[in-house]
Amino acid sequence: AYLNHRLQKIRNIRWEMGTAIPEDLQSNLNPLELDYLSEYDNVVAEYMEDVDLDLNTDFQPPKDLWIEVRVLIDFGEIETESGPVNLEANTTHFLKRTDVQHLIRRGILEHIC
């Protein structure tokens, strides 16, 4: 029961954080769990490619395609559909939701309502 619970938590982390798991969470996983996470990610990526569907995006249509976000921590430059954007702490940007949704989930950006 305990091992199944841990594996479910690892799968949930993958869906909540995307493919880039923060270092502090990775340090809490043993090598076998890290292997499981990597293999799980590969299976999901292969499936999404086979069915031509991105399961990382929201299933509900967004209210706005573009959102205003505040950068919580320095993250450097990211490449968006519109071009490069430098994410410096305490700056705000008006960006396409799909370009930054994964960064919001990871706590690097916050959506300004």
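Be aware that the sequence shown starts at 11, since it is given in my numbering, and climbs by one per residue. In this text, a Cβ means the ideal position worked out from N, Cα and C, and glycines have one as well.
Using DSSP with H/G/I as helix, E/B as strand and the rest coil, what is residue i?
| i | result |
| --- | --- |
| Arg116 | coil |
| Glu89 | strand |
Please say whether residue j and residue i have beta carbons closer to each other than 8 angstroms?
| i | j | result |
| --- | --- | --- |
| Arg24 | Leu47 | yes |
| Val79 | Thr108 | no |
| His121 | Gly28 | no |
| Leu85 | Leu75 | Leu is not the amino acid found at residue 85; the sequence shown has Phe there. Not in contact: Phe85 and Leu75 (Cβ atoms no closer than 8 angstroms). |
| Glu56 | Ile20 | no |
| Asn66 | Val81 | no |
What do you get for residue i, buried or exposed, if any count of 16 or more other CB atoms within 10 angstroms of its CB means buried?
| i | result |
| --- | --- |
| Val110 | buried |
Thinking residue i and residue j are a contact (beta carbons under 8 angstroms), I'd like their distance in whole angstroms, please.
| i | j | result |
| --- | --- | --- |
| Asp64 | Met58 | 6 angstroms |
| Ile83 | Ile118 | 6 angstroms |
| Lys73 | Thr90 | Actually they do not touch by this definition, with Cβ atoms about 20 angstroms apart. |
| Glu26 | Arg115 | 6 angstroms |
Next on the checklist: As an exercise, report each continuous beta strand (DSSP E) stretch of at least 3 residues that is fully enclosed by the segment 31 to 107, in chain order.
Outcome noted: 76 to 81, 86 to 90, 93 to 97 and 102 to 106
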